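Going line by line, the protein sequences match chains A and B.
Numbering follows my numbering, with no gaps: position 110 of the first sequence is 168.
Numbering follows my numbering, with no gaps: position 42 of the second sequence is 53.
Cβ coordinates follow ideal geometry from the N, Cα and C atoms, glycine included.
Keep in mind it's a predicted model, so treat the numbers as computed, not measured.
Single-structure report; data block below.
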Amino acid sequence: MVPLSWYLVLSAILFCLGIFGFLLKRNIITIFMSIELMLNAVNLSFVAFANYWNQHAGDPGVSVVPLSGHVFVFFVMVVAAAEAAVGLAIIISVFRTRETLNVDRVNLLKL
Amino acid sequence: MVHQILFIVFGLICVAGAINLLVQRHPINSALSLVVVMMALSLIYLLLGAEFVAAVQVIVYAGAIMVLFVFVIMLLNAGEEERSRGSRIALLVGVPGVIVMAGTVGWTLIYKSQHLGNVTIGSTDFGETHNVAHLLFSTFLLPFEITSVLILIAIMGAVVLGKREG
Numbered sequence: 059m060v061p062l063s064w065y066l067v068l069s070a071i072l073f074c075l076g077i078f079g080f081l082l083k084r085n086i087i088t089i090f091m092s093i094e095l096m097l098n099a100v101n102l103s104f105v106a107f108a109n110y111w112n113q114h115a116g117d118p119g120v121s122v123v124p125l126s127g128h129v130f131v132f133f134v135m136v137v138a139a140a141e142a143a144v145g146l147a148i149i150i151s152v153f154r155t156r157e158t159l160n161v162d163r164v165n166l167l168k169l
Numbered sequence: 012m013v014h015q016i017l018f019i020v021f022g023l024i025c026v027a028g029a030i031n032l033l034v035q036r037h038p039i040n041s042a043l044s045l046v047v048v049m050m051a052l053s054l055i056y057l058l059l060g061a062e063f064v065a066a067v068q069v070i071v072y073a074g075a076i077m078v079l080f081v082f083v084i085m086l087l088n089a090g091e092e093e094r095s096r097g098s099r100i101a102l103l104v105g106v107p108g109v110i111v112m113a114g115t116v117g118w119t120l121i122y123k124s125q126h127l128g129n130v131t132i133g134s135t136d137f138g139e140t141h142n143v144a145h146l147l148f149s150t151f152l153l154p155f156e157i158t159s160v161l162i163l164i165a166i167m168g169a170v171v172l173g174k175r176e177g
């Protein structure tokens, strides 16, 4: 028996570490990995809620599709895979034109 | 009791890997610690009875996506991260904002944990592939087909972006 809140707190910790990486890291690849970390944190809370609602599926006043959390995690993973492919292609093309991976040097659009 | 010990062990591995991702300055070390986080997360999914999700987590995330990352890191010969000034707005607004958000969310979850109830260790017949597949090909058929179009568009986008202009 583990309280549901433990899983949600772990998910929140991972999400916040992902935001820290996104804000503080200067390497574009590490920033991208921080985004993946945030997606993973959200997936964890989806799976925890899926387990929780599966136990309460028969309760009065509860109408859930059991396992829909798992299906949603599946969709998040599909989108993450597509995002990783496109994002890494963008990183390669940025590196080709700017010869750097430091986000502070990719600042042509900055005022 | 076993559930709690396993959760704490895997949760600590997760958090340690995520912190190591932030601390390391070389991207390849960050990528490998992200693999550790993903493997520990897949074990946590198994604790929750999500067999299919745990397997997909290992195969797709720790396998395919991280191989892509490592491949790009090696292709671009990425070295140690340069220390540069960074964004002042991120430091002054972002970091305190995240700390406040983490504190609020964590405190609320712990304070209200009585109302949230408990999670039991997952039974193995709950999230197995058969059940997820049945749902995926009946209730969620249309979104499933749309994701295949999304993947196709992403492949074409990656090819167009990766092509050398000339």
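Of all alpha-carbon atoms in B:A65, B:T150 and B:A89, the one lying nearest the alpha-carbon of H37 (chain B) is that of B:A89.
Note that the C-beta distance between S41 (chain B) and T88 (chain A) is below 8 Å. The continuous alpha helix (DSSP H) containing S103 (chain A) extends over residues I86 to Q113. The C-beta separation of L32 (chain B) from M59 (chain A) comes to about 31 Å, leaving the pair out of contact by the 8 Å criterion.
Not flagged as an interface residue toward chain A: P107 (chain B), since no C-beta distance is shorter than 8 Å.
In summary, R94 (chain B) is exposed, with fewer than 16 beta-carbon neighbours lying within 10 Å of its beta-carbon over all protein chains present. Counting only Cβ-Cβ distances below 9 Å, T140 (chain B) has no contacts in chain A at all, with the closest Cβ about 10 Å away. By DSSP's assignment, P61 (chain A) forms a beta bridge with B:N129. One thing to note: V134 (chain A) has its Cβ no nearer than 8 Å to the Cβ of V161 (chain A). Across the structure, N129 (chain B) and L59 (chain B) are spaced so that their CA atoms are roughly 12 Å apart. Segment contact: the stretch 137-146 of chain A against the stretch 71-88 of chain B, three or more CB-CB distances shorter than 8 Å; contact assigned. One alpha carbon belongs to L72 (chain A), the other to A113 (chain B), and they sit about 10 Å apart. A check of alpha carbon separations from F132 (chain A) across B:E156, B:W118, B:Y122 and B:V13 identifies B:E156 as the nearest. Annotated three-state conformation of N88 (chain B) is coil, per DSSP. Not a single C-beta of chain B is nearer than 8 Å to the C-beta of I89 (chain A). Look at the stretch 32-48 of chain B: the residues with a C-beta under 7 Å from a C-beta of chain A are L32, L33, P38, S41, A42, L45 and V48. Taking 8 Å as the cut-off, the Cβ atoms of L95 (chain A) and L75 (chain A) count as close. Nearest C-alpha to L172 (chain B) among A:L167, A:V144 and A:T158: A:V144. Listed along chain B, the residues sitting closer than 8 Å to S63 (chain A) by beta-carbon distance are L120, I121, K123, S124 and L127. Less than 8 Å divides the Cβ of L120 (chain B) from the Cβ of L66 (chain A). A:I149 is the residue among A:H128, A:I149, A:F130 and A:S121 whose C-alpha sits nearest the C-alpha of F82 (chain B). For N31 (chain B), the secondary structure class from DSSP, reduced to helix, strand or coil, is helix. Take the alpha-carbon of L102 (chain B) and the one of L81 (chain A): they are about 8 Å apart.
Between H128 (chain A) and V71 (chain B), the C-beta spacing is not below 8 Å. With fewer than three CB-CB distances shorter than 8 Å, the stretch 146-163 of chain B does not count as touching the stretch 103-112 of chain A. DSSP places N165 (chain A) outside both helix and strand once states are collapsed to three, so it counts as coil.
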